[in-house]
Amino acid sequence: MLDTGQLPLSGEPLLWFQQGLLSATQKEYEQAVVSYDCVLRVRPDCFDVWYERGLALENLGTYNDAIASYDRALQLQPPKDVACVIWQNRGDAQQYGLGQYADAIASYDRALQVNSEHYQAWQNRGNALLYGFNQYAEAIASYDRALQLKPDYYLAWRNRGNALIELTRYSEAIASYDRALEIEPNDQAASYGRSCALERSGLAYKQPTTNPVWYGRGYSELNPLDEAAIEANETSVFIAHPGTNHTQQQPIFVLEDEQGTREITLEKSSYSIGRDPKSDICLHSQFVSRQHATLLKILRDDGTYIYQIVDGALGGKRSTNGLMINGRKHRAWDLAHDDVVVFGPQVRALYFTSPQPPLDSSPD
Numbered sequence: 321m322l323d324t325g326q327l328p329l330s331g332e333p334l335l336w337f338q339q340g341l342l343s344a345t346q347k348e349y350e351q352a353v354v355s356y357d358c359v360l361r362v363r364p365d366c367f368d369v370w371y372e373r374g375l376a377l378e379n380l381g382t383y384n385d386a387i388a389s390y391d392r393a394l395q396l397q398p399p400k401d402v403a404c405v406i407w408q409n410r411g412d413a414q415q416y417g418l419g420q421y422a423d424a425i426a427s428y429d430r431a432l433q434v435n436s437e438h439y440q441a442w443q444n445r446g447n448a449l450l451y452g453f454n455q456y457a458e459a460i461a462s463y464d465r466a467l468q469l470k471p472d473y474y475l476a477w478r479n480r481g482n483a484l485i486e487l488t489r490y491s492e493a494i495a496s497y498d499r500a501l502e503i504e505p506n507d508q509a510a511s512y513g514r515s516c517a518l519e520r521s522g523l524a525y526k527q528p529t530t531n532p533v534w535y536g537r538g539y540s541e542l543n544p545l546d547e548a549a550i551e552a553n554e555t556s557v558f559i560a561h562p563g564t565n566h567t568q569q570q571p572i573f574v575l576e577d578e579q580g581t582r583e584i585t586l587e588k589s590s591y592s593i594g595r596d597p598k599s600d601i602c603l604h605s606q607f608v609s610r611q612h613a614t615l616l617k618i619l620r621d622d623g624t625y626i627y628q629i630v631d632g633a634l635g636g637k638r639s640t641n642g643l644m645i646n647g648r649k650h651r652a653w654d655l656a657h658d659d660v661v662v663f664g665p666q667v668r669a670l671y672f673t674s675p676q677p678p679l680d681s682s683p684d
């Protein structure tokens, strides 16, 4: 809730607003929107309600409607500090929800015009420059500004590391990830990025300074016990849905991301995979690329087929994280039953298939 110091509501509208806040706290966002609408029918001039309504809509994934609510809040000319927060959330909906990076940067710039010391706007502006336009140096400049304002902002340190990797400045990237992990030791995204930086720099074979598997070591130098630990970690999270039949002819992706676990039956000749909402298989995480991978259906001479997964978009650049398949980095891979594909922290898929008879399966 916005900390405005005052809320021009009383009586029934105030009760509806409080109910909306409670519903949002309990992640009942549809009910929250209903409650906010009840307030706005009586008090359409309350920017606090429009703002909270926008947040609920954003959580529901209806980003255009969320932006419209933020716009209504801004039209009511809230105080400058409040307007700054609304502009920043507007940018977040544009960037993380719709992939409208240029519009998001414009919103962040409006927030920073109001308050140039809003460190979150600087950090998210950096993300739009990095992930939307591949403007690595400009992104680092935004992250540096955020860190000047809040030196313990681990997200900015982590994303700064991601930008430095793209510039092949691996030692600096590792140093940024180290700062992120000093602040937030459980930041798996920073640990994963650090592993990537070590691998790309060739430092993965050097003696690590700490023991945890995810902190600082590339998979290539793990000992057998560590490899077993990773294998157990990668596969233990995949629990098939009750009643799932994995003997059907079509392969199945069991995908896990921030929205939970879901099954996707693979039938098409190709699938785009990534954070882009228009992807055939949308990955719900800010830690993966917009065009992270491509699945291709490959027909074999005997009439059967397999699916091959390729890093990045076809004809495009590779993803930031790459593809980790069964604990090893691969540019492309022919998928087999029980393969585990890791796209990034907390984003992975288990591939199920079954033996497929050839088109001519008549006995000799």
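Numbers in my numbering are just positions in the sequence shown, counted from 1, shifted up by 320.
C-beta atoms are modelled at their ideal positions from N, C-alpha and C, and glycine is treated no differently.
From a predicted model like this one, the values you see are computed outputs, not experimental measurements.
Under the three-state reduction of DSSP, which class applies to residue i: helix, strand or coil?
i: F607; result: coil
i: T614; result: strand
i: P665; result: coil
i: C516; result: helix
i: L643; result: strand
i: R648; result: strand
i: S330; result: coil
i: L619; result: strand
i: Y356; result: helix
i: C602; result: strand
i: R480; result: helix
i: S389; result: helix
i: Y474; result: helix
i: T382; result: coil
i: A493; result: helix
i: L432; result: helix
i: A633; result: coil
i: G522; result: coil
i: G446; result: helix
i: D365; result: coil
i: L394; result: helix
i: E486; result: helix
i: N409; result: helix
i: L545; result: Confidence at L545 is low in this model, with a pLDDT of 34, below 50, so its placement is unreliable and the value that follows should be read with caution. Residue state, collapsed to three classes: helix.
i: K347; result: coil
i: N531; result: With a pLDDT of 31 at N531, under the threshold of 50, the predicted position of this residue should be treated as unreliable, though the coordinate-derived value follows. Three-state DSSP puts N531 in coil, outside helix and strand.
i: D401; result: helix
Grab me the residues of residue i's own chain with a C-beta within less than 8 Å of its C-beta, minus the 5 sequence neighbours each way, in chain order.
i: N447; result: Q415, A459, N479, Q606
i: S496; result: W477, R478, R480, G481, L484
i: S521; result: Y490, S491, I494
i: G632; result: S609, Q611, H612, A613, T614, R638, S639
i: E504; result: Y474, A510
i: S462; result: W442, Q443, R445, G446, L449
Which term fits residue i, buried or exposed, when burial requires 16 or more other beta carbons within 10 angstroms of its beta carbon?
i: I618; result: exposed
i: L501; result: buried
i: T585; result: exposed
i: Q455; result: buried
i: R465; result: buried
i: A413; result: buried
i: Q312; result: Outside the shown range of the chain (321 to 684) lies residue 312, about which nothing can therefore be said.
i: P328; result: exposed
i: T488; result: exposed
i: P571; result: buried
i: D658; result: exposed
i: N409; result: buried
i: L634; result: exposed
i: R620; result: exposed
Would you say residue i and residue j are within 8 Å of each other, going by their C-beta atoms?
i: R582; j: R595; result: no
i: Q666; j: Q508; result: yes
i: V434; j: W407; result: yes
i: S427; j: G452; result: no
i: A344; j: G374; result: no
i: F573; j: Y671; result: yes
i: D600; j: Y591; result: yes
i: N646; j: V660; result: yes
i: P333; j: V354; result: no
i: E378; j: G417; result: yes
i: A669; j: L575; result: yes
i: A376; j: Y349; result: yes
Here's a check: name, in chain order, each residue in its chain whose Cβ is nearer than 6 Å to the Cβ of residue i, leaving out the five neighbours to either side.
i: L469; result: E437, Y439
i: H650; result: L643
i: L360; result: V369
i: Q339; result: S355
i: L616; result: S590, Q628
Which residues does DSSP list as the beta-bridge partners of residue i?
i: L575; result: R582, A669
i: S697; result: An answer regarding residue 697 cannot be provided, because it is not within the stretch 321 to 684 covered by the chain.
i: D498; result: Paired residues: none, contrary to the question.
i: D654; result: Q628
i: D659; result: Y671
Beta carbon of residue i: closer than 7 Å to some heavy atom of the ligand FMN?
i: Y497; result: Looking at this structure, you won't find the ligand FMN or any other ligand, since it has none at all.
Can you name, in chain order, every residue of its own chain whose Cβ lies under 7 Å from the Cβ of residue i, other than the five neighbours on each side?
i: L603; result: D577, I593, G594, R595, H612, F663, V667
i: A403; result: L394, V434
i: P471; result: none
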